Amino acid sequence: MPDKETTSFMRSLCMGEIEEDVLLPFPEVPAKDVETLRQVITSLGQLLGPREKEFRAWDVAGELPAPFLEELKQFGLFGMVVPEEFGGMGFGSTAYSRALQEVSRYDGSVAATIGAHQSIGMRGLLLYGTEAQKRRWFPKLATGELIAAFCLTEPGAGSDAAGVKTTAVREGDAYLLNGSKLWITNGGLAGFFTVFAKTGKAEERGKLTAFVVTRDMPGVSTGPHEDKMGLRASSTAAVFLDNVRVPLDHVLGEEGKGFKVAMRILNNGRSGLGGGCVGGMKRMIELATGQAKGRIQFGRPISDFGLIKQKVGHMVVETYAAESAVAMVAGLTDQGYQDYAVEAAISKVFATEALWRTTDEALQIAGGNGFMREYPYERAMRDCRIFRIWEGTNEILRLFIALTAMNDVGAQLADLATSLKGVLADPIKGFGVLSDYALRRAGLATNVGRSKGAFTRLHPVLRDAAEVFEEATRDLATAADRILRKHGRRIVDMQFATRRLADIMIDLFVLACVLARVDGSVRRLGAEETAREREILEVFAGQVSHRVKSNFSKIDDNDDELIKSLADNAFELERFGWDNLA
Ligand SMILES: Cc1cc2nc3c(=O)[nH]c(=O)nc-3n(C[C@H](O)[C@H](O)[C@H](O)COP(=O)(O)OP(=O)(O)OC[C@H]3O[C@@H](n4cnc5c(N)ncnc54)[C@H](O)[C@@H]3O)c2cc1C
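Numbers given in the working numbering equal positions in the sequence shown, counted from 1, plus 1190.
Written out as structure tokens, the structure is:
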């Protein structure tokens, strides 16, 4: 079995190795959570199902009314991830993600409120809290008496979290916190804030520390409810900290380790956001199919037309693929894998972009109705736009995905360089390492002599798609190697190349998840019963193969410099440089 502390499917894949034991069998909802989850899903249907008109009105008003929030609390929806001993449901990531999927089928603002509370707001307490801290806050967080918020962003610190200016200065038996946090989800409702501030002596203050701050502390205040494009009924507000005295036992994790705390919270909570995306996509398919069957044009329902079928078919493939990746990441989290940050980032990028495309196509199928407020499409479109921006923008996550891979490959190349130097001093040792490397490269090209170059456990009916994956894996490992050799240390600034590698990695991880999921279905139900799922796999594998080949070919043959120069010209002019009115 793989070492759960150190193994990452994608990091191994970048070296050309397929760690299939990480992915197989495809994870399911743990037996202990199944019954409670069913009850939650039924209750959600009763609570949220009949409220479409109210959700629309609350979107216009820009607020969830207090009595409705009380109902959410009564249903226990704020306590899904709180351990049972503290009054919650004790859901793991898989069950929690599935429950959020259900909430987001009804309304994005409700999903954001419940999601921000549990995916990020209280997750630091779940991951780093001491027994005493948990005993103190979990019971109230489980009932929703305390709503939680995650406070990292500031006016000068968005993507670059190192730019945080909020300070926490040690003063006797407490820290004095000063600063302001921007656009905090649940900011206006929360009583419990996970706040990131810089600690240490003034001249060397640079390290973040995570603190629990509660609303009853003197000096805590929040700004007005932001007027937003989407998720309008969810609360987004600034949080101000003015000489807030925070006792020492409010630190989450270790002093100075707050950056790691923040990143682990975001990684661990990603399957909540992913579940929200999948729920939104399923809803779009329900709406679009009903709409297309009922709309008659040219004497036929528009569902008869090829161009409409093409949209719906792709929506199905994308939803299956996104759900596979999100469920896989939730499964890795539940199984105790520690190194899944790249996989979690991939699931976020893929699911949020697939949600956007799916929502856009559903709106297109609805035609003019899609543009009208009376229909749910435009709200869905506005609501899901933020997903590509928050919890790490998709640009920053793509850089993270590819640079992590490149770092690993770079470390191997550095080893190689060192051993090459060693060839002169110690020819035998030096040639040993060199020949290992040469063998690996030759193995990548031919697949000969590679122990983990192919899937061995997948059902034989999936062989064709598995071969697409294996071939693309060789392209990935070669691409990482080639990009790094081409750009060396300058790779950090070569974002066009980095993006290409990230896109190859995203496609490959999602394809691996789809393969694993279809494998699970075939084993459970047999080949015949899973014909549809195998069709989805065939289509998705074909798309991935095409995209990977295209990205691979552009490593050496691209128009990157032309595009950059056009952008630089536009930056200089600060306008479009041409007009056909001579
Ligand atoms: C509705 C809403 C709710 C939110 N909720 C929370 C919350 O609960 N808690 C919280 O802490 N924050 C929250 N945020 C903040 C959110 O996480 C940030 O908006 C996000 O991290 C991006 O930061 P920014 O907006 O400052 O964009 P910037 O960092 O200014 O980025 C602007 C653009 O530049 C790109 N960019 C930046 N750096 C690079 C680079 N090095 N290379 C290439 N491209 C780059 C970005 O990808 C983006 O496209 C929320 C925001 C909104 C709008």
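No residue lacks a Cβ here, since even glycine has one placed at the ideal position from N, Cα and C.
Note that this is a predicted model, so its numbers are computed, not measured.
Subject >> Min CB distance Glu1210 to chain D below 8 Å >> reply: In the structure shown, chain D cannot be found, because there is only a single protein chain.
Original post:
Val1436 bridges to which residues according to DSSP?
Top reply: In the DSSP assignment, Val1436 is bridged to Tyr1365.
**OP:** Could you please give the first and the last residue of the uninterrupted beta strand (DSSP E) stretch that includes Thr1399?
**Re:** Unbroken beta strand (DSSP E) run through Thr1399: Lys1397 to Thr1404.
Subject >> ligand 1 heavy atom lying under 7 Å from the CB of Trp1580 >> reply: Result yes, Cβ under 7 Å from ligand 1.
**OP:** Taking only the alpha-carbon atoms, compute the straight-line gap between Gly1433 and Lys1194 and give it to the nearest angstrom.
**Re:** Note on identity: in this sequence residue 1433 is Asn, with Gly being the wrong assignment. Taking the straight line joining both Cα atoms gives about 42 Å.
Subject >> Length-filtered (4 minimum) alpha helix (DSSP H) runs lying within the segment 1637 to 1684 >> reply: 1653 to 1677, all fully within the segment 1637 to 1684.
Subject >> Through-space distance from Ala1552 to Leu1442, alpha-carbon basis >> reply: Distance between the alpha carbons of Leu1442 and Ala1552: 43 Å.
Original post:
Expressed to the nearest angstrom, what Euclidean distance is found between the alpha-carbon atoms of Gly1318 and Phe1328?
Top reply: Inspection of the sequence shows that residue 1318 is occupied by Tyr rather than by Gly. Distance between the alpha carbons of Tyr1318 and Phe1328 is about 13 Å.
Original post:
Is Trp1248 near ligand 1, with its Cβ less than 7 Å from a heavy atom?
Top reply: Checking every heavy atom of ligand 1 against the Cβ of Trp1248, none is found closer than 7 Å.
**OP:** With a cut-off of 8 Å on the beta carbons, I'd call Pro1215 and Gly1710 a contact; round off their distance for me.
**Re:** In this structure, Pro1215 and Gly1710 form a Cβ contact; the two beta carbons are roughly 6 Å apart against a cut-off of 8 Å.
**OP:** Please list the segments of the beta strand (DSSP E) lying wholly inside the segment 1418 to 1472, counting only runs of 3 or more residues, in order along the chain.
**Re:** Within the segment 1418 to 1472, the complete beta strand (DSSP E) runs of at least 3 residues are 1426 to 1437.
Subject >> Phe1561 to Ile1555 span [Cα, whole Å] >> reply: Distance between Phe1561 and Ile1555, taken at the CA atoms: about 11 Å.
Subject >> Beta-bridge pairing of Ala1358 - partner residues as DSSP gives them >> reply: Looking at the DSSP assignment, Ala1358 forms a beta bridge with Leu1367.
**OP:** Report yes or no: do three or more beta-carbon pairs, one from the segment 1328 to 1339 and one from the segment 1263 to 1272, lie closer than 8 Å?
**Re:** Cβ pair count under 8 Å is three or more, so yes.
Original post:
For Ser1283, which option in Glu1242, Ile1498, Gly1465 and Leu1366 has the closest C-alpha, if you only look at C-alpha atoms?
Top reply: Considering only alpha carbons, the answer is Gly1465.
Original post:
For the 8 Å Cβ check, are there 3 or more pairs between the segment 1420 to 1427 and the segment 1354 to 1366?
Top reply: At 8 Å Cβ cutoff, the stretches do not touch.
**OP:** Whole angstroms is fine: what's the gap from Arg1575's alpha carbon to Ser1493's?
**Re:** Whole-angstrom Cα-Cα distance: 27 Å.
Original post:
Can you find at least 3 beta carbon pairs, one from the segment 1446 to 1457 and one from the segment 1394 to 1413, that sit closer than 8 Å?
Top reply: Yes, the segment 1446 to 1457 touches the segment 1394 to 1413.
**OP:** Classify Ala1760 as buried or exposed, calling it buried when 16 or more other Cβ atoms lie within 10 Å of its own Cβ.
**Re:** So Ala1760 counts as exposed.
**OP:** Please list, in chain order, all residues of the same chain as His1677 whose beta carbon is under 7 Å from its beta carbon, the five residues on each side excluded.
**Re:** Closer than 7 Å at the Cβ level, and outside the excluded window around His1677, lie Met1684 and Ala1687.
Subject >> Start and end residues, beta strand (DSSP E) containing Phe1488 >> reply: Counting along the chain, Phe1488 sits inside no beta strand (DSSP E), nor does DSSP assign it H or E at all.
Original post:
By DSSP, does Lys1619 sit in helix, in strand, or in coil?
Top reply: The predicted position of Lys1619 is uncertain, since its pLDDT is 46 and thus under 50; a value taken from the coordinates is nonetheless stated next. Lys1619: helix per DSSP, three-state reduction.
Subject >> Chain-order list of residues whose beta-carbon lies under 8 Å from that of Thr1479 (same chain, five-residue window excluded) >> reply: Here the set comprises Ser1493 and Val1502.
Original post:
Whose C-beta lies closer than 6 Å to the C-beta of Ala1507 among residues of the same chain, with five residues either side of it excluded?
Top reply: As written in the sequence, residue 1507 is Val, which differs from the Ala given in the question. The residues are Ile1726, Val1729 and Phe1730.
Subject >> Nearest to Gly1305 (by Cα), restricted to the options Leu1463, Glu1260 and Ser1349 >> reply: Answer by Cα proximity: Leu1463.
Subject >> Which of helix, strand or coil DSSP assigns to Arg1201 >> reply: Collapsing the DSSP output to three states places Arg1201 in a helix.
Subject >> Local conformation of Phe1761 per DSSP, three classes >> reply: Collapsing the DSSP output to three states places Phe1761 in a helix.
Original post:
So, are the CB atoms of Phe1645 and Ile1208 less than 8 Å apart?
Top reply: Contact: yes.
Original post:
DSSP on Thr1196, reduced to helix/strand/coil?
Top reply: Note: Thr1196 maps to coil in three-state DSSP.
**OP:** Identify every residue that forms a DSSP beta bridge with Ser1411.
**Re:** DSSP, once it has assigned bridges, lists Phe1430 as partnering Ser1411.
Original post:
Quick one: any contact between the segment 1400 to 1412 and the segment 1223 to 1238, if contact means 3 or more CB pairs under 8 Å?
Top reply: The segment 1400 to 1412 and the segment 1223 to 1238 do not touch, with fewer than 3 CB-CB distances between them shorter than 8 Å.
Subject >> Those runs of the beta strand (DSSP E) which lie wholly inside the segment 1262 to 1342 and span at least 3 residues >> reply: Runs of the beta strand (DSSP E) spanning 3 or more residues and lying entirely within the segment 1262 to 1342 occur at 1338 to 1341, in chain order.
**OP:** Would you kindly work out how many angstroms separate the C-alpha atoms of Ser1309 and Ser1461, rounded to a whole number?
**Re:** Computed Cα separation, rounded: 8 Å.
**OP:** Please say whether Ala1544 and Ala1511 have beta carbons closer to each other than 8 Å?
**Re:** Contact: yes.
Original post:
Lys1388 lies in the beta strand (DSSP E); which residues open and close that run?
Top reply: Going by DSSP, Lys1388 is part of the beta strand (DSSP E) stretching over Phe1382 to Thr1389.
**OP:** Within the segment 1692 to 1758, note down every full beta strand (DSSP E) run reaching 3 residues or more, in order along the chain.
**Re:** Taking only runs of at least 3 residues, no beta strand (DSSP E) segment lies wholly in the segment 1692 to 1758.
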